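Engineer:
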Amino acid sequence: MKRKWISLLALLFVVGAGIGGIKIYQKAATEHQYGIIPKEAKKVDDYGRVQYTISVINEKGQTTFQTFTTIKQLKEGTVIDLFVRGNEVRKYDIITKNELPQRVKSVWPTKERKEEKEK
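Using the numbering used here, the first residue of the sequence shown is number 265, and each one after it goes up by one.
1. Which of the three DSSP states, helix, strand or coil, is assigned to Leu364?
2. Whole beta strand (DSSP E) runs in the segment 322-351 with 3 or more residues, listed along the chain?
3. For Val371, which residues of its own chain have a beta-carbon under 8 Å away from its beta-carbon, when the five flanking residues on both sides are left out?
4. If we call anything under 8 Å between Cβ atoms a contact, is Arg367 one with Glu295?
5. For Val308, count neighbouring Cβ atoms within 10 angstroms of its own Cβ and tell me buried if that reaches 16, exposed if not.
6. Classify Gln371 as helix, strand or coil using the three-state DSSP reduction.
7. Select from Tyr311, Asp345, Arg349 and Ile318 the residue whose C-alpha is nearest the C-alpha of Pro365.
8. Would you call the segment 310-319 in contact with the segment 265-281, where contact means no fewer than 3 C-beta pairs closer than 8 Å?
9. Under DSSP, the beta strand (DSSP E) around Gly299 begins and ends at which residues?
10. For Gly299, count neighbouring C-beta atoms within 10 Å of its own C-beta (all shown protein chains included) and say buried if the count is 16 or more, exposed if not.
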């Protein structure tokens with residue numbers, strides 16, 4: 265009886281360690297890219313999904329373009345944080361400009377920085 269409990273506890277420990285390892289890998293392999301929703305969007309299908317191709321800035325301050333699809337149209341000017349793994353957007357969060365990392369703020373589009381200073 266005691267051996268069964270030890271075996272069960274060992275199995276639970278191994279499963280827990282495996283799940284924890286997967287979560288750590290996902291966090292390490294995920295790159296954050298930040299962008300602003302533009303006016304134009306491309307409707308993908310009859311189910312209301314919308315596709316955006318936007319200019320993004322990663323945490324290193326490098327710029328590129330990223331395409332992703334949402335189930336709803338986002339408001340123009342919305343700042344988003346894309347979670348990218350393997351050049352594929354896994355999810356996104358809507359954030360404020362204040363939540364941007366400092367390095368991203370320093371290379372944020374000039375027009376946006378001018379508008380913020382005027383406010």
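Ideal Cβ placement from N, Cα and C applies to all residues, glycine included. Source: prediction; values computed, not measured.
Structural biologist: Looking at the atomic coordinates:
1. The residue labelled residue 364 in the question sits at position 100 within the sequence shown. The answer is coil: DSSP assigns Leu364 none of H, G, I, E or B.
2. 327-334 and 343-349
3. Residue numbering aside, residue 371 sits at position 107 when the sequence shown is read from its first letter. So the qualifying residues of the chain are Ile321, Gly325 and Thr327.
4. Here residue 367 corresponds to residue number 103 of the sequence shown, with the count starting at 1. Here residue 295 corresponds to residue number 31 of the sequence shown, with the count starting at 1. Not closer than 8 Å, so no.
5. For the purposes of this step, residue 308 is identified with residue 44 of the sequence shown, where counting begins at 1. The residue in question, Val308, is exposed, as its Cβ has fewer than 16 Cβ neighbours within 10 Å.
6. Reading the sequence shown from its first residue, position 107 is the one you call residue 371. This sequence places Val at residue 371; Gln is not what is there. Correct three-state label for Val371: coil.
7. Here residue 365 corresponds to residue number 101 of the sequence shown, with the count starting at 1. Selected option, being the one with the closest Cα: Asp345.
8. no
9. Taking the sequence shown and counting its residues from 1, the one referred to as residue 299 is at position 35. Looking at the DSSP string, the run of the beta strand (DSSP E) that includes Gly299 is Glu295 to Ile300.
10. By 1-based counting over the sequence shown, the position of residue 299 is 35. Buried.
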